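Undergrad:
There are 2 protein chains.
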Amino acid sequence: MSDTDMKSSNVVWHAPVTTREARERRNGHKGVIIWFTGLSGAGKSTVAHALEDSLHSMGCHTFTLDGDNVRHGLCGDLGFSDEDRVENIRRVGEMSKLFVEAGMITLTAFISPFRSDRDKVRELVAEGDLIEVYTRCSLEECEARDVKGLYKKARAGEIPHFTGISSPYEEPENPEIVVDTDKHDVDECMKQILTYLKVNGFVNTNGV
Amino acid sequence: MSDTDMKSSNVVWHAPVTTREARERRNGHKGVIIWFTGLSGAGKSTVAHALEDSLHSMGCHTFTLDGDNVRHGLCGDLGFSDEDRVENIRRVGEMSKLFVEAGMITLTAFISPFRSDRDKVRELVAEGDLIEVYTRCSLEECEARDVKGLYKKARAGEIPHFTGISSPYEEPENPEIVVDTDKHDVDECMKQILTYLKVNGFVNTNGV
Chain A
5 MSDTDMKSSN VVWHAPVTTR EARERRNGHK GVIIWFTGLS GAGKSTVAHA
55 LEDSLHSMGC HTFTLDGDNV RHGLCGDLGF SDEDRVENIR RVGEMSKLFV
105 EAGMITLTAF ISPFRSDRDK VRELVAEGDL IEVYTRCSLE ECEARDVKGL
155 YKKARAGEIP HFTGISSPYE EPENPEIVVD TDKHDVDECM KQILTYLKVN
205 GFVNTNGV
Chain B
5 MSDTDMKSSN VVWHAPVTTR EARERRNGHK GVIIWFTGLS GAGKSTVAHA
55 LEDSLHSMGC HTFTLDGDNV RHGLCGDLGF SDEDRVENIR RVGEMSKLFV
105 EAGMITLTAF ISPFRSDRDK VRELVAEGDL IEVYTRCSLE ECEARDVKGL
155 YKKARAGEIP HFTGISSPYE EPENPEIVVD TDKHDVDECM KQILTYLKVN
205 GFVNTNGV
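Chains as they are written, first to last, in my numbering: chain A, 5 to 212; chain B, 5 to 212.
1. Counting only Cβ pairs nearer than 7 angstroms, list the residues of chain A close to B/Arg95.
2. Can you give, in chain order, each stretch of the alpha helix (DSSP H) that sits fully within the segment 178-203 of chain A and has at least 4 residues?
3. Can you find a CB in chain A that lies within less than 9 angstroms of the CB of B/Thr68?
4. Give me whichever residues DSSP pairs with B/Ala52 in a beta bridge.
5. Between B/Arg27 and chain A, is any beta-carbon pair separated by less than 9 angstroms?
6. On the criterion of 16 or more Cβ atoms from any shown chain inside 10 Å, does B/Asp191 qualify as buried, or is it exposed?
7. Let me know the alpha helix (DSSP H) ranges lying completely inside the segment 63-114 of chain A, each 4 residues or longer, listed in chain order.
8. Checking contacts by CB at 9 angstroms: is A/Glu56 closer than that to chain B?
9. Specify, as a first and last residue, the run of the alpha helix (DSSP H) that A/Tyr138 falls within.
10. Using a threshold of 9 angstroms, state whether the C-beta atoms of B/Glu145 and B/Asp189 are closer than that.
11. Closer than 9 angstroms, CB to CB, is B/Phe103 near chain A or not?
12. Interface residues of chain B around A/Thr22 at Cβ under 7 angstroms?
13. State the Cα-Cα distance for the pair B/Glu131 and A/Glu175, rounded to the nearest angstrom.
14. With DSSP run on the structure shown, which of helix, strand or coil describes B/Ser116?
15. Going by DSSP, what residues sit across from A/Phe40 in a beta bridge?
16. Contact between the segment 102-112 of chain B and the segment 66-75 of chain B is defined here as three or more beta-carbon pairs at a separation below 8 angstroms; is this criterion met?
17. Between the alpha carbons of A/His60 and A/Cys79, how many angstroms are there, rounded?
18. Which residues of chain A have a Cβ atom closer than 7 angstroms to the Cβ of B/Glu98, listed in chain order?
19. Can you confirm whether B/Ala106, when its beta carbon is compared against all beta carbons of chain A, has any partner nearer than 9 angstroms?
20. Apart from the five residues on each side of it in sequence, which residues of its chain come closer than 7 angstroms, Cβ to Cβ, to B/Lys34?
21. If you measure from the beta carbon of A/Gly63 to each beta carbon in chain B, is any gap under 9 angstroms?
22. Can you find the residues in the same chain that come closer than 7 angstroms, C-beta to C-beta, to A/Arg149, ignoring five residues on each side of it along the sequence?
23. State the Cα-Cα distance for the pair B/Met10 and A/Gly83, rounded to the nearest angstrom.
24. Assign A/His54 to buried or exposed, taking buried as 16 or more other Cβ atoms, counted over all protein chains shown, within 10 Å of its Cβ.
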């Protein structure tokens, strides 16, 4: 028995009355996690918000958990060390799982550099409940964009543990979707994912 | 500048395209936290799930964060020491805030024994975004019910830091609602809260 198991041993699971299935029926689409991973500046948040906007206009129920906005709140106590990144992704995974239970199409936009962490999130949920989207863009291109000026700071040694510079990024081995943001624009990447959602029955093809 | 501020100093806020207001318009009701507090066995989860069921049947978009189910996931690393209880409530507060952003009526059922922690959650959100429901029931009645057998264990010294026995419960001073679960049944308590939501315009009076 792990320490966590012991700590939780006096906890009883309450079966909710209003279930995920009931919510999905009402919403007219499935709950699912769309997990964007990729380098800083690769366009994860940009594509995620474009996709969310498109899904919302179709009547879907969506929410985007963003590396930047979650880090102001739930994970405001965490930094960017390897250990804190692991805990950050664990919390986002657990939170995403709850949003899926709530029947939402849950978009997450985090660098999530470590394969093992992303695999752990996948293991948290049922098969088919997580769509990994590798937002692929070369380090050179991300650094050239440097929208937030972070690469410059990282190169100057002002930001420790910066993914791609002083901390590794492990590419996904079998992501459901790869969007190449240095070859295609935001709208094209967004439509590529939308098509996947329609073809695989996550949302209806005639709107929702 | 606190340590947390420093850690978050390279974080940029992304304005979401699909906003809370857009979701609320679509859903036909407001996003709000309904925060149940009270002793173990007072009926927080029971009343919350009855209320959720009723709201769902009216077409509202709801989710219940439960002391028991959150503690299996997001807060699975936390125990029941005072320090861990504080962190537990902080995370639930931050998560609830995100659910409200997602346009959901977010019910939380946690003992949340410390006034200061509940006040912190209230400060996280805009005025009117949190409805505190004191699920009031005497310790004697809760202990007589002892649905989960926890009071017996606590009296036997098998559970440290048990609220009401070996850890304090601080009653709310100005809760929006008090439901007396040792005087009224679940349905009456649920309807009392539902009436509050209707009268105060959180949900429409003619269903949603």
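In this text, a Cβ means the ideal position worked out from N, Cα and C, and glycines have one as well.
Note that the coordinates shown come from a computational prediction; the quantities given were computed from them, not determined experimentally.
TA: The structure says:
1. Leu78
2. 190-203
3. yes
4. Its beta-bridge partners do not exist; DSSP assigns none.
5. yes
6. exposed
7. 71-74 and 86-105
8. yes
9. It is not in any alpha helix (DSSP H) - A/Tyr138 instead sits in the beta strand (DSSP E) that spans Leu134 to Arg140.
10. no
11. yes
12. Glu56, Asp57, His60 and Thr66
13. 44 angstroms
14. coil
15. A/Ala113 and A/Val137
16. yes
17. 26 angstroms
18. Gly77 and Leu78
19. yes
20. Glu28 and Phe206
21. yes
22. Gly45
23. Confidence at B/Met10 is low in this model, with a pLDDT of 35, below 50, so the placement of that residue should be treated as unreliable; the coordinate-derived value is given next. Going by the C-alpha atoms only, they are around 9 angstroms apart.
24. The sequence given here places Ala at residue 54 of chain A; His does not occur at that position. Burial call: buried.
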